[in-house]
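All the letters of the sequence shown, read from the start, carry residue numbers 1 to 407 under the UniProt record's numbering.
Here is the structure we will look at.
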Amino acid sequence: MNILVINAGSSSLKYQLYNMKTEDVLAKGRVERIGMDSSILTHEVENQPEVREVSEILDHTTAIKKVLDMLTHRKFGVLRNIQDIQAVGHRVVHGGESFSESVLVDQNVKLEIRKLFDLAPLHNPAHMMGIVAVEANLPNVPQAVVFDTAFHQSMPPSSYLYAIPTVLYRKHQIRRYGFHGTSHDYVSKRAAEFLGRPLEKLKLISCHIGNGASCAAILHGKSYDTSMGMTPLEGLMMGTRSGDLDPAVVPFAINKEDLTLNEVNSMLNKHSGLLAISGISSDMREVVEAMNDGNDKAKLAFEMYAYRIRKYIGSYVAAMDGVDAILFTAGVGENSAPLREAVCRGLTFFGVHLDADRNAVRSSETRRITTDDSGVSVLVVPTNEELLIARDTYRLVKDKTAVESRF
Ligand code: AMP
1 MNILVINAGS SSLKYQLYNM KTEDVLAKGR VERIGMDSSI LTHEVENQPE
51 VREVSEILDH TTAIKKVLDM LTHRKFGVLR NIQDIQAVGH RVVHGGESFS
101 ESVLVDQNVK LEIRKLFDLA PLHNPAHMMG IVAVEANLPN VPQAVVFDTA
151 FHQSMPPSSY LYAIPTVLYR KHQIRRYGFH GTSHDYVSKR AAEFLGRPLE
201 KLKLISCHIG NGASCAAILH GKSYDTSMGM TPLEGLMMGT RSGDLDPAVV
251 PFAINKEDLT LNEVNSMLNK HSGLLAISGI SSDMREVVEA MNDGNDKAKL
301 AFEMYAYRIR KYIGSYVAAM DGVDAILFTA GVGENSAPLR EAVCRGLTFF
351 GVHLDADRNA VRSSETRRIT TDDSGVSVLV VPTNEELLIA RDTYRLVKDK
401 TAVESRF
């Protein structure tokens, strides 16, 4: 079975085509600048030169059509015709309280996702455009949706409620949802496999440290707590997001600087974090480079960033009354040895002993970076959210086919 995985944004769309027998990626790519005059489709097939096509793509339906044309292209394609795509899986950021697992798309599911537009105004409407665009191009192909929030629906109320009047939760669903669930789910399963122990017996802390960043306390395979909240702004310091701050800062800053709500929102989401403190970049590579060149602001930004991850790890050890392994994943977590070292430096009390040589190794494989006698293992686990979306879609479509064949 071939499955197309789609991550639709408002003006861009990423895709990966999987052969589920081997779990190989047959092709992948992206469409950028949808709705603008010179849209760009970039298409990659292993061991072949990248293909770049510039054309006018005014909407998502045309973008999906272009992707399908490319996948079946005489020269650059990997499929004979579009009937060779048996299912499509979509990444959807917000599933609210309606979705605690991935589901096949039907009218009700679309209605529920629309109801959640309020909670993820920048993301869910774009995902819906992707779903509708696939429907238009592949009307009989089953589609599944995999939510960033679903994995965290197992959190108990003591983790997900804010200590504010509960009417706000009842009337407006103001609570903590958490994000990066697909990644935390994937790396925790992969870690259990690597450790050779049942996930149901493990206490794990997963640190997804990319441009956006979150930690999750995963108790016996289920999310118990996570650092992002109602939106991805809460929690760790990130590339351009502030992470945790006293909410009273918001009205105070609005008052002092005469800011609008949009301006303060943009300040906290786009102009804060590593970028604000370093004054250089939101990219950890550039911050580390500047720090190594003696830049004090870059050093402070790096230290704040690492310190906050360490504080969350400490709090999750307390939350779960212990930890078996700490996992690092995503762009920074997988690639930045100095960041992992800075985080783990303060965790010796918990029995974490990093092995400097193992930490310095660069690899795309899951690996242990602690010493053999370290009480707690620290693993680097490359994440693969697209593969998890493809696996969930495959399982749902197979289950549906199995049920239908009984009647
Ligand atoms: P992601 O959101 O997971 O794609 O991660 C993107 C971030 O990973 C970038 O903004 C970089 O800051 C970071 N990154 C990628 N490669 C490295 C590296 N070699 N060292 C440090 N940070 C890196």
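Backbone N, C-alpha and C define an ideal beta-carbon position, used for all residues, glycine too.
Option in the options with minimal Cα separation from residue i
i      : options                        : result
Phe302 : Leu68, Val343, His123, Thr393  : Val343
Ile93  : Val249, Ala191, Asp118         : Reading off the sequence shown, one finds Val at residue 93, where the question assumed Ile. Nearest of Val249, Ala191, Asp118 to Val93, Cα basis: Asp118.
Lys21  : Ala390, Leu41, Ile277          : Ala390
Thr348 : Ser377, Ser405, Gly178         : Ser377
Leu209 : Asp283, Leu396, Arg395         : Note on residue identity: the sequence assigns Ile, not Leu, to residue 209. It is Asp283.
Ala63  : Leu327, Glu101, Asp357, Gly9   : Gly9
Asp84  : Cys215, Ser266, Thr72          : Thr72
Pro157 : Val141, Ser223, Glu135, Leu195 : Ser223
Asp244 : Ile254, Phe252, Pro251, Pro232 : Pro232
Gly331 : Glu200, Ser214, Ser38, Glu263  : Ser214
Glu341 : Thr329, Asp324, Ala325, Ala360 : Ala360
Val317 : Leu219, Arg190, Lys110, Asp357 : Leu219
Phe194 : Val403, Glu365, Tyr162         : Glu365
Asp185 : Leu327, Val403, Arg358         : Leu327
Ala276 : Met238, Thr260, Val132, Arg310 : Met238
Met36  : Lys400, Tyr162, Ser55, His127  : Ser55
Asn384 : Ala191, Arg308, Arg395, His353 : Ala191
Ser183 : Met320, Gly96, Glu334, Ala136  : Glu334
Ala133 : Leu111, Gly95, Lys65           : Lys65
Leu268 : Glu234, Asp355, Val25          : Glu234
Lys398 : Arg362, Ile34, Pro142          : Pro142
Tyr305 : Lys270, Ala325, Thr240, Arg52  : Thr240
Glu97  : Glu53, Arg176, Glu23           : Arg176
Arg367 : Ala325, Phe147, Thr149         : Ala325
Ser266 : Tyr15, Val25, Asn108, Leu122   : Leu122
Tyr15  : Glu23, Leu41, Arg33            : Leu41
Arg33  : Asp106, Ser159, Glu53, Glu23   : Glu53
Glu135 : Leu161, Asp106, Tyr160         : Asp106
His152 : Met129, Thr166, Gly221, Lys110 : Gly221
Supposed contact pair residue j and residue i - C-beta distance, whole angstroms, cut 8 Å
i      : j      : result
Gly279 : Lys299 : That belief does not hold up - the Cβ atoms of Gly279 and Lys299 are roughly 12 Å apart, past 8 Å.
Lys203 : Gly351 : Not confirmed; about 13 Å, so no contact.
Val5   : Gly77  : 17 Å between Cβ atoms; not a contact.
Ser154 : Asp392 : That pair is no contact at about 16 Å.
Leu236 : Tyr312 : 6 Å
Asn2   : Gln86  : 6 Å
Leu68  : Ile82  : 5 Å
Ala319 : Ala217 : 5 Å
Ile309 : Cys207 : 6 Å
Ala27  : Gly95  : About 28 Å separates the two Cβ atoms, so there is no contact after all.
Glu23  : Leu387 : 7 Å
His127 : Asp148 : Going by Cβ atoms, the distance from His127 to Asp148 rounds to 10 Å, so no, they are not a contact pair.
Identity of the residues DSSP links to residue i by a beta bridge
i      : result
Leu104 : Ala144
Ala27  : Leu17
His208 : Ser214, Thr329
Ala8   : Leu13
Lys222 : Leu219
Ile40  : Glu32, Val54
Arg368 : Leu379
Ile3   : Tyr18, Ala87
Leu354 : Thr370
Val92  : Phe147
Lys203 : Leu219
Beta-carbon gap between residue i and residue j smaller than 8 Å
i           : j      : result
Met230      : Ile174 : yes
Leu13       : His60  : yes
Arg91       : Asn19  : no
Pro338      : Val381 : no
Gly273      : Ser242 : yes
residue 414 : Thr226 : The structure shown does not extend to residue 414, since the chain spans only 1 to 407, so no value can be given for it.
residue 412 : Ala144 : Residue 412 lies beyond the residue range present for the chain, which begins at 1 and ends at 407; the question has no answer from this structure.
Val31       : Ser39  : yes
Val187      : Thr370 : no
Leu261      : Ala253 : no
Leu116      : Asn108 : no
Cβ-heavy atom distance, residue i to the ligand ZN, below 7 Å
i     : result
Glu23 : Absence of the ligand ZN is noted for the structure shown, with the ligand AMP being the only ligands found.
request  = May I have all residues whose beta carbon comes closer than 5 Å to any heavy atom of the ligand AMP, sorted in chain order?
outcome  = Working through the chain, the matches are Gly210, Asn211, Asp283, Met284, Arg285, Ala330, Gly331, Val332, Asn335, Ser336.
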